[in-house]
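Residue numbers (this note's numbering): 46 to 416. Virtual Cβ for every residue (Gly too), placed ideally from N, Cα, C. These notes concern the structure reproduced below.
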Amino acid sequence: MGVRPKIIIHAGMHKTGTSSLQKMLADRREVLAHHKIWYPGNGVADAAPLLNVKRADWTETALRETLETACRQGAETILFSLESVSTFSEDSFRRLTDALHGYKVLYLFTLRHWATYMPSRWAQYVRRRDSQTLGQYVTAALQGDHIDHRLDLPLARALGSGKCQVRAISYDWASKKPGGVLNAVMRVMGFDDALRTTLLASAEWRHRTPDRAAIETVRLLNGVLSAHMGLPQNDNFHAVLEDRLVDVPFTLPGNAIDRDLAFRIREIGDCTLTDGGIIDWPDAASLLEDYRGCFPGLADRPFFPPVDGKPLSSWSVEWPAIAGDREVQAFVAGMVPVIEQRLADRDAIVAQTRAGTGEEAGSGTRERLPG
Numbered sequence: 046m047g048v049r050p051k052i053i054i055h056a057g058m059h060k061t062g063t064s065s066l067q068k069m070l071a072d073r074r075e076v077l078a079h080h081k082i083w084y085p086g087n088g089v090a091d092a093a094p095l096l097n098v099k100r101a102d103w104t105e106t107a108l109r110e111t112l113e114t115a116c117r118q119g120a121e122t123i124l125f126s127l128e129s130v131s132t133f134s135e136d137s138f139r140r141l142t143d144a145l146h147g148y149k150v151l152y153l154f155t156l157r158h159w160a161t162y163m164p165s166r167w168a169q170y171v172r173r174r175d176s177q178t179l180g181q182y183v184t185a186a187l188q189g190d191h192i193d194h195r196l197d198l199p200l201a202r203a204l205g206s207g208k209c210q211v212r213a214i215s216y217d218w219a220s221k222k223p224g225g226v227l228n229a230v231m232r233v234m235g236f237d238d239a240l241r242t243t244l245l246a247s248a249e250w251r252h253r254t255p256d257r258a259a260i261e262t263v264r265l266l267n268g269v270l271s272a273h274m275g276l277p278q279n280d281n282f283h284a285v286l287e288d289r290l291v292d293v294p295f296t297l298p299g300n301a302i303d304r305d306l307a308f309r310i311r312e313i314g315d316c317t318l319t320d321g322g323i324i325d326w327p328d329a330a331s332l333l334e335d336y337r338g339c340f341p342g343l344a345d346r347p348f349f350p351p352v353d354g355k356p357l358s359s360w361s362v363e364w365p366a367i368a369g370d371r372e373v374q375a376f377v378a379g380m381v382p383v384i385e386q387r388l389a390d391r392d393a394i395v396a397q398t399r400a401g402t403g404e405e406a407g408s409g410t411r412e413r414l415p416g
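Below, the structure written as structure tokens:
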């Protein structure tokens, strides 16, 4: 084989336009191929089992075979986008970088000011699984080395993983320029002006954070459902901290929540509305100084422009306040079979994986379930 293609892994972070980038790349895959850029046919669905070393079914063999296929197709660049890579521990980054030996590897991160990032990330945790209030989430994130506030950790862990390059973009600065963050990401990837213009022409902004009251309502229902099933609260948040996969996603369907029930919950929540002083949270940017060289074109500017100090409103009510409601109990009872089936499906995959590797049944936990 001649010169191997370079590998670019866009690792998010979450809530920085990643879904929009992935949709744009997937929709224009043939344009990328014309420029000798290989992108997986099913986007994230293909990237997750190939890159997410936390999965029980991850294998280096599958990844290497995919890379060899891209090489045979004439790719000069192999491109992945998977935001869960940004949550990797040192060991997980090392496993992935080691699996990519023989290739030039670039990890690319987009970082967002914590005052807007953390509320959006909290809302994402809630949509998927969690039940803690915004205030509880912020307190928990600030107390430990959680990447939601320690923006330096993904950069440090990637840099320490082996032979690779690391680049980072300030979401907030990029958003102020023509083409926004998508254009900035593609520029660092090495896409020329013509290619960026072509791709941006069809780009759409996706996954905007929905109505705050709707998020809060799901948060409370998540708490009741977790308690009813004997599952831990806030497992998505803790899974990121502990370098594992969430036990099971809930992703409660908003359209399945009765309007009258949602209205009653909102009345309860609105009575507990509080304002948080986001701008007063500890300065996460100061920890990035050692990694200034990873930010192309930043020079001596601050990592993020000044942000609006306006406080953010949220509910302080917790899930026990609605647990006794009959309609809440009925909704939860209807969701239990759905969640149980997800758990069963995942356990079956883990059992199959263990059978293939000779691992004894009963060893390990659901912490290694694929997601």
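*Counting only the same chain and skipping the five closest in sequence on each side, list residues whose C-beta sits under 6 Å from that of Q177.*
N279
*asked:* Less than 8 Å between the C-beta atoms of V230 and L66, yes or no?
replied: yes
*Confirm, please, whether the CB-CB distance from P199 to A115 is below 8 Å.*
no
_Bridge partner(s) assigned by DSSP for R212_ = L153
*Would you identify the three-state DSSP class for S206, choosing helix, strand or coil?*
coil
*Answer with buried or exposed for E128, where buried requires no fewer than 16 other C-beta atoms within 10 angstroms of its C-beta.*
buried
_If the criterion is Cβ atoms closer than 8 Å, does the pair G342 and E261 meet it?_
no
*Since F282 contacts Y152 with CB under 8 Å, what's their CB separation in whole angstroms?*
Contact flag wrong, Cβ pair sits at about 23 Å.
*asked:* Below 8 Å, how does it come out for the region 144-159 and the region 213-221: are there three or more Cβ pairs, yes or no?
replied: yes
*Based on the DSSP output, what are the partners of H55 in its beta bridges?*
S126 and L153
*Between the CA atoms of L332 and W159 - distance to the nearest angstrom*: 13 Å
_Rounded straight-line distance, which links the Cα of Q397 to that of V130_ = 25 Å
*Give the secondary structure of L265 by DSSP, where H, G and I count as helix, E and B as strand, and everything else as coil.*
helix
*Apply the 10 Å Cβ neighbour rule to G369 and answer buried if 16 or more other Cβ atoms are within range, or exposed otherwise.*
exposed
*Which one of F376, H55, D303 and A375 has the shortest CA to CA distance from T122?*
H55
*asked:* Is any non-hydrogen atom of the ligand COA found closer than 7 Å to the C-beta of D143, if you look at the structure I gave you?
replied: Looking at this structure, you won't find the ligand COA or any other ligand, since it has none at all.
*Can you pull the DSSP bridge partners for T184?*
According to DSSP, T184 bridges with nothing at all.
*Taking DSSP as the reference, what is the three-state secondary structure of D392?*
helix
*Taking all protein chains shown into account, decide if A375 is buried (16 or more other Cβ within 10 angstroms of its Cβ) or exposed.*
exposed
*If you scan the region 216-251 from start to end, which runs of the alpha helix (DSSP H) of 4 or more residues do you find wholly inside it?*
216-219, 225-234 and 238-245
*Work out the CA separation of R100 and N87 for me, nearest whole Å.*
18 Å
*Of the residues A329, S137, L266 and V383, which one's Cα is nearest the Cα of S206?*
S137
*Hey, quick one: how far does the alpha helix (DSSP H) through L96 stretch, first residue to last?*
V89 to L96
*Can at least three beta-carbon pairs, one atom from the region 174-190 and one from the region 233-240, be found at a separation below 8 Å?*
no
*CA-CA distance, L414 and N97?*
The predicted position of L414 is uncertain, since its pLDDT is 42 and thus under 50; a value taken from the coordinates is nonetheless stated next. Computed Cα separation, rounded: 11 Å.
*Return the Cβ separation of P427 and A329 in integer angstroms, given the expectation that the two are a contact with Cβ distance under 8 Å.*
Outside the shown range of the chain, which is 46 to 416, sits residue 427, and nothing can be said about it.
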